[in-house]
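Peer 1: Below: one structure in structure tokens.
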Ligand code: GLY
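In our numbering, the protein residues as written are 3 to 557.
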């Protein structure tokens, strides 16, 4: 019986090229990345150019006011991971979002100045350049500077986003961020040009002074001054010059796991994403899902049940490993994972106890890009402001949005963050600690050969989006583009509901699962996966998600 294995939209064509490839969320950013490759830059050079370009032309998630993770595989087959996640400011404390009675103050961790973590992106780019860059840093940031001065052209989606958040920009900032607001309430439309001269000047300071161009001097002064300019005194931000000066991105060891002979190189803590991907795979490995089929009831059941168990573990055991002893060995132990599924039955849905209704915002606003070069280096980057346009705070005089990443901490035990994820002690706020993430930049190998690399935005839906694309390729034999375009589902323990991309699944299949006790809810989209695959003939295949503006460009 055909079970709704259609595509969400008309399938985007995969792009094939010999020398290099960039897949990112915005056409202009992919173009800028490829230009660097064409000039002889390597994948790391292109990464830096793409990241700064996204900060200009994709301000909803691209950033210099946020943070991210990079996982790479060099041409020599070596792996590396950079953690440039934001950190809690020195003055942060466990109860900073609670009132005197211990209740969560509405929106305090989600919008405005107090929601901001110390940004990591600029230090991240400089560290990547120091270790792997081949072209001068100034040549890599210059295209973004030019783009900020000259302006980028809005797509329909991004015009709609600027219009959607206009009132928030005006409400949350004490100044008017003119670059993102059209006068007299005229809405943005596709084809309009957005110019950002203040951001261009900030990027010039980074170009000319490196770290000091952002974490010290005029930019740092503007960030600290912005912290003191909320709409209400109680919402004042706490980032200081010392916080900015202290910030350091960290090189980490990748998390490595195996699934039926495939090697998976992914993100360790402070992300929960890599652990989640490997845990879910470990729990479903013994089930013959390839034989059952991608839209078989049993396939969905075992994936949903494994997701339920991962997110329950996430809430208790996962956090910044520099501050909390994450029991990684146990969480990824084969026997432990098999035991987790012992109470699962095909006869009825599992139950996520003590349900806290998560107030989930349908946010996709992180962004992932993947780049490969002619030498064989592959980089996989997920970067974020957290929610759409982060805290919505634009630094006056510096022209960029600041993140609202503090909401990724557990601000009160059991209280859901904007993705509906809950947590407790492990992910509690502490000064200098990194908030738990779900970002899952991932590389897949077989027999020591690179196969494909991918990642996604989408908060807690990131690990499950990456998981489904991985399974679509590895278990169900789909080409990467088709694997990405397949409709997705998502479960995260609490709330006890399975999210589905709206109208993309067979009604009969869903009714059968409902009879077993599963509850479903439609979402517009789940994840925006961008990936690159190496074809047998040695060429790169770039696969950009067809759900929005994501674009693969090769040469
Ligand atoms: N802010 C989304 C994440 O890091 O998972």
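Every residue gets a Cβ at the ideal spot worked out from N, C-alpha and C, and that includes glycine.
Residue ranges of each beta strand (DSSP E) run of no fewer than 3 residues wholly in the region 468-556, ordered along the chain?
Peer 2: Taking only runs of at least 3 residues, the beta strand (DSSP E) segments lying wholly in the region 468-556 are 491-493, 500-503, 522-525, 532-536, 542-546, 553-556.
Peer 1: Looking at the structure shown, is residue 391 part of a helix, part of a strand, or coil, going by DSSP?
Peer 2: Position 389 of the chain shown, counted from the first residue, corresponds to residue 391. It is coil, neither helix nor strand.
Peer 1: So for residue 197, helix, strand or coil by DSSP?
Peer 2: Counting from 1 along the chain shown, the entry for residue 197 is found at position 195. Note: residue 197 maps to coil in three-state DSSP.
Peer 1: Taking C-beta to C-beta, are residue 23 and residue 353 nearer than 8 Å?
Peer 2: By 1-based counting over the chain shown, the position of residue 23 is 21. By 1-based counting over the chain shown, the position of residue 353 is 351. Going by C-beta atoms, residue 23 is not nearer than 8 Å to residue 353.
Peer 1: Starting from the N-terminal side, write out each stretch of the beta strand (DSSP E) that is 3 residues or longer and does not extend beyond the region 197-275.
Peer 2: DSSP runs (the beta strand (DSSP E)) wholly in the region 197-275: 252-254, 257-261, 264-268.
Peer 1: Enumerated in chain order, which unbroken segments of the alpha helix (DSSP H) with a length of 4 residues or greater are wholly contained in the region 42-106?
Peer 2: Complete alpha helix (DSSP H) runs here, min 4: 45-59.
Peer 1: Check whether the region 234-251 and the region 110-117 touch, using three or more Cβ-Cβ pairs below 8 Å as the test.
Peer 2: With a cut-off of 8 Å, the region 110-117 and the region 234-251 count as touching, because enough Cβ pairs lie within range.
Peer 1: Just to confirm my understanding: we take residue 184, look at its own chain, exclude 5 residues before and 5 after, and list those with CB closer than 7 Å. What are they?
Peer 2: Position 182 of the chain shown, counting from 1, holds the residue named residue 184. Excluding positions up to five away in sequence, the list reads 190.
Peer 1: For residue 345, I'd like the list of residues in its chain whose CB is within less than 8 Å of its CB, leaving aside the five on either flank, ordered along the chain.
Peer 2: Within the chain shown, residue 345 is the residue found at index 343, counting from 1. Closer than 8 Å at the Cβ level, and outside the excluded window around residue 345, lie 352.
Peer 1: Just to check, is the beta-carbon of residue 407 closer than 7 Å to a non-hydrogen atom of ligand 2?
Peer 2: You won't find ligand 2 in this model; what it holds is ligand 1.
Peer 1: What span of residues does the alpha helix (DSSP H) with residue 17 cover, start to end?
Peer 2: Working through the chain shown from its first residue, we reach residue 17 at position 15. Where residue 17 is concerned, there is no enclosing alpha helix (DSSP H), although the beta strand (DSSP E) it sits in stretches over 17-19.
Peer 1: Here's the rule: buried if 16 or more other CB atoms are within 10 angstroms of the residue's CB, otherwise exposed. What is residue 192?
Peer 2: In the chain shown, residue 192 corresponds to position 190, counting from 1. With fewer than 16 Cβ atoms within 10 Å of its Cβ, residue 192 is classed as exposed.
Peer 1: I need the straight-line Cα distance from residue 261 to residue 458, nearest angstrom please.
Peer 2: Residue numbering aside, residue 261 sits at position 259 when the chain shown is read from its first letter. Residue numbering aside, residue 458 sits at position 456 when the chain shown is read from its first letter. Going by the C-alpha atoms only, they are around 20 Å apart.
Peer 1: Taking Cβ positions, are residue 556 and residue 486 nearer each other than 8 Å?
Peer 2: Here residue 556 corresponds to residue number 554 of the chain shown, with the count starting at 1. Here residue 486 corresponds to residue number 484 of the chain shown, with the count starting at 1. Their beta carbons are not under 8 Å apart, which means residue 556 does not touch residue 486 by this criterion.
Peer 1: Between residue 514 and the rest of its own chain, which residues show a CB-CB distance below 6 Å, the 5 nearest in sequence each way excluded?
Peer 2: Taking the first residue of the chain shown as position 1, residue 514 is located at position 512. So the list reads 299, once near-sequence residues are dropped.
Peer 1: Please report the distance separating the alpha-carbon of residue 8 from that of residue 388.
Peer 2: The sequence position of residue 8 within the chain shown is 6, counting from 1. The sequence position of residue 388 within the chain shown is 386, counting from 1. Any answer about residue 8 is weak, because its pLDDT of 49 lies below 50 and its placement is not dependable; what the coordinates show is given next. One C-alpha to the other measures close to 30 Å.
Peer 1: Have a look at the DSSP bridge pairing and note the partners of residue 370.
Peer 2: Taking the chain shown and counting its residues from 1, the one referred to as residue 370 is at position 368. 384, per the DSSP bridge assignment.
Peer 1: Would you report the Cα separation of residue 265 and residue 336, rounded to the nearest angstrom?
Peer 2: As a position in the chain shown, residue 265 is number 263, starting the count at 1. As a position in the chain shown, residue 336 is number 334, starting the count at 1. The straight-line gap from Cα to Cα measures roughly 15 Å.
Peer 1: Can you round the beta-carbon distance between residue 73 and residue 256 to whole angstroms, since I take them to be within the 8 Å contact cut?
Peer 2: Along the chain shown, read from residue 1 onward, the residue named residue 73 stands at position 71. Along the chain shown, read from residue 1 onward, the residue named residue 256 stands at position 254. With a Cβ gap of about 6 Å, residue 73 and residue 256 count as contacting.
Peer 1: Looking only at its own chain, which residues have a Cβ that is under 7 Å from the Cβ of residue 390, when we skip the five neighbours before and after it?
Peer 2: Position 388 of the chain shown, counted from the start, is the residue given in the question as residue 390. The residues are 62, 163, 167, 365, 367.
Peer 1: Relative to the alpha-carbon of residue 403, which residue among 225, 438, 279 has its alpha-carbon at the smallest distance?
Peer 2: Taking the first residue of the chain shown as position 1, residue 403 is located at position 401. For the residues 225, 438, 279, the minimum Cα distance to residue 403 belongs to 225.
Peer 1: Distance check for residue 227 and residue 180, CA to CA, integer angstroms please.
Peer 2: One-based indexing of the chain shown puts residue 180 at position 178. One-based indexing of the chain shown puts residue 227 at position 225. Distance between the alpha carbons of residue 180 and residue 227 is about 19 Å.
Peer 1: Output the distance between the C-alpha atoms of residue 206 and residue 124, rounded to the nearest integer angstrom.
Peer 2: Indexing the chain shown from 1 puts residue 206 at position 204. Indexing the chain shown from 1 puts residue 124 at position 122. Those two C-alpha atoms are separated by around 12 Å.
Peer 1: Looking at the unbroken alpha helix (DSSP H) that takes in residue 462, where does it start and where does it end?
Peer 2: Numbered from 1 along the chain shown, position 460 holds the residue referred to as residue 462. No alpha helix (DSSP H) contains residue 462, which DSSP labels as neither H nor E.
Peer 1: Classify residue 109 as helix, strand or coil using the three-state DSSP reduction.
Peer 2: Here residue 109 is taken as the residue at index 107 of the chain shown, counted from 1. Coil, per DSSP.
Peer 1: For residue 1 and residue 102, what's the separation of their Cα atoms in angstroms?
Peer 2: Outside the displayed range of the chain (3 to 557) lies residue 1, so it cannot be described from this structure.
Peer 1: In whole angstroms, what separates the C-alpha of residue 35 from that of residue 499?
Peer 2: The sequence position of residue 35 within the chain shown is 33, counting from 1. The sequence position of residue 499 within the chain shown is 497, counting from 1. Approximately 39 Å, taken between the alpha carbons.
Peer 1: Considering just the uninterrupted stretch of the beta strand (DSSP E) at residue 445, what are its terminal residues?
Peer 2: On the chain shown, position 443 is the one that residue 445 refers to. First-last of the beta strand (DSSP E) with residue 445: 444-448.
Peer 1: Just verifying my parser: in three-state terms, what is the DSSP assignment at residue 22?
Peer 2: The sequence position of residue 22 within the chain shown is 20, counting from 1. The answer is coil: DSSP assigns residue 22 none of H, G, I, E or B.
Peer 1: Taking only three categories from DSSP, how would you classify residue 154?
Peer 2: On the chain shown, position 152 is the one that residue 154 refers to. If DSSP states are grouped into helix, strand and coil, residue 154 belongs with the strands.
Peer 1: Can you tell me whether residue 314 is helix, strand or coil according to DSSP?
Peer 2: Start at 1 with the first residue of the chain shown, and residue 314 comes out as number 312. Reduced to three states, the DSSP call for residue 314 is helix.
Peer 1: Start and end of the alpha helix (DSSP H) containing residue 341?
Peer 2: Mapped onto the chain shown, residue 341 falls at position 339. Note, residue 341: alpha helix (DSSP H), 336-342.
Peer 1: Got a sec? Which residues, its chain only, sit under 7 Å from residue 319 by beta carbon, not counting five neighbours each side?
Peer 2: Taking the chain shown and counting its residues from 1, one reaches residue 319 at position 317. For residue 319, where only same-chain residues beyond five positions count, the Cβ hits under 7 Å are 328, 329, 333, 428.
Peer 1: Here's the rule I'm using: 16 or more other beta-carbon atoms within 10 Å means buried, otherwise exposed. How should residue 348 be labelled?
Peer 2: For the purposes of this step, residue 348 is taken as residue 346 along the chain shown, with counting starting at 1. Burial call: exposed.
Peer 1: So what's residue 411 in DSSP terms, helix, strand or just coil?
Peer 2: The sequence position of residue 411 within the chain shown is 409, counting from 1. Of the three classes helix, strand and coil, the one that applies to residue 411 here is coil, per DSSP.
Peer 1: Any heavy atom of ligand 1 closer than 7 Å to the Cβ of residue 62?
Peer 2: Translated into positions along the chain shown, residue 62 becomes position 60. For ligand 1, not one heavy atom lies less than 7 Å from the Cβ of residue 62.
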